[in-house]
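Asker:
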């Protein structure tokens, strides 16, 4: 049995068929990308089979991330020029993919930090043998420190000496160079103040989550680390922490993965 198909006579019906706004179809028509017939009585746009082919062509090129300007220019291009246009768009997309992957990596790192906080917060404190890198004082006019904070906030550091003061000092951790020395050149640790040198050998620490009131940095739980360490029979030194993230504990709280020196 022959099936009758509904005749498409209006731009609204084309819009519904292709899921493209009528305003976009009118714009494409005005730009010469698609061709509609015009009705004799009121000059309304009327789609034809050629209109459908034109729309499919535009949709195809849009799926390749070509701009309307580029699509409009294609009919006047040579084969070589079309190839160059496609090559340029491929390069642009590849660059975007690299940026998206970097963004995803940062997102996954932050998700891991959230899980890390939840896991460590439940286990409270634990002893660990670690080798911490050097810590450089953070200065607002230090280009290197600012770049580190923007590109890798996890390198942002905090130092507290809870046995003598509740004062906090902020810095950045410096990953050791392959030779084991501090990185060389301008805007690096050599031109800054070292808050804490790198561990020459693995050292014993008490690890936990340090919570610092972002509005009042002297308000933190460093003394809880000291109390826990003394309960284990240890004397203590400085408390160093890596920044994880900021959230709410009823106040704006900066979370750090922290290491208290056990002596």
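In the UniProt record's numbering, the protein residues as written are 1 to 263. Backbone N, C-alpha and C fix where the C-beta goes; we use that ideal spot for every residue, glycine too.
Let me make sure I understand the geometry here. Which of 96, 94 and 64 has the alpha-carbon closest to that of residue 82?
Answerer: If we check each option's Cα against that of residue 82, 64 comes out closest.
Asker: Please tell me whether residue 163 and residue 236 are closer than 8 Å, where the distance is taken between their beta carbons.
Answerer: yes
Asker: Considering Cα atoms alone, identify which of 141, 167, 172 and 140 is closest to residue 154.
Answerer: 172
Asker: Closest by CA to residue 116, which one among 210, 40 and 79?
Answerer: Put simply, of 210, 40 and 79 the residue whose alpha carbon is nearest the alpha carbon of residue 116 is 210.
Asker: Could you say which of 76, 15, 78 and 95 lies nearest to residue 56 if we only look at CA atoms?
Answerer: Residue 56 has its Cα closest to that of 15, out of 76, 15, 78 and 95.
Asker: Pick out whichever of 54, 216 and 19 has its Cα sitting closest to the Cα of residue 37.
Answerer: 54
Asker: Tell me whether residue 109 sits in a helix, a strand or coil according to DSSP, three-state version.
Answerer: DSSP, read as helix, strand or coil, puts residue 109 in helix.
Asker: Using the Cα positions of residue 246 and residue 58, report the straight-line distance between them to the nearest angstrom.
Answerer: Our two residues, residue 246 and residue 58, have alpha carbons roughly 46 Å apart in a direct line.
Asker: Would residue 194 and residue 134 qualify as a contact pair, given that the criterion is a beta-carbon distance under 8 Å?
Answerer: yes
Asker: Does DSSP classify residue 98 as helix, strand or coil?
Answerer: helix
Asker: Suppose only complete runs of 4+ residues qualify. What are the alpha helix (DSSP H) ranges in the UniProt domain "HTH merR-type" (10-77), listed by chain order?
Answerer: You should have 11-18, 22-30, 49-63 and 68-73.
Asker: Just list the residues that DSSP pairs residue 225 with in beta bridges.
Answerer: In DSSP, residue 225 forms no bridge with anything.
Asker: Assuming contact is defined by CB atoms lying nearer than 8 Å, are residue 225 and residue 250 in contact in what I supplied?
Answerer: no
Asker: Is residue 185 helix, strand or coil by DSSP?
Answerer: Annotation note: pLDDT 39 at residue 185 (below 50); position unreliable, no value reported.
Asker: Which class does residue 124 belong to by DSSP, given the choice of helix, strand or coil?
Answerer: coil
Asker: May I ask you to report which of helix, strand or coil DSSP gives residue 168?
Answerer: Strand.
Asker: Quick check on the burial criterion: 16 or more other C-beta atoms within 10 angstroms. Buried or exposed for residue 201?
Answerer: exposed
Asker: Would you grab the beta carbon distance between residue 198 and residue 132 for me? Rounded to a whole angstrom, and I think it's under 8 Å.
Answerer: 7 Å
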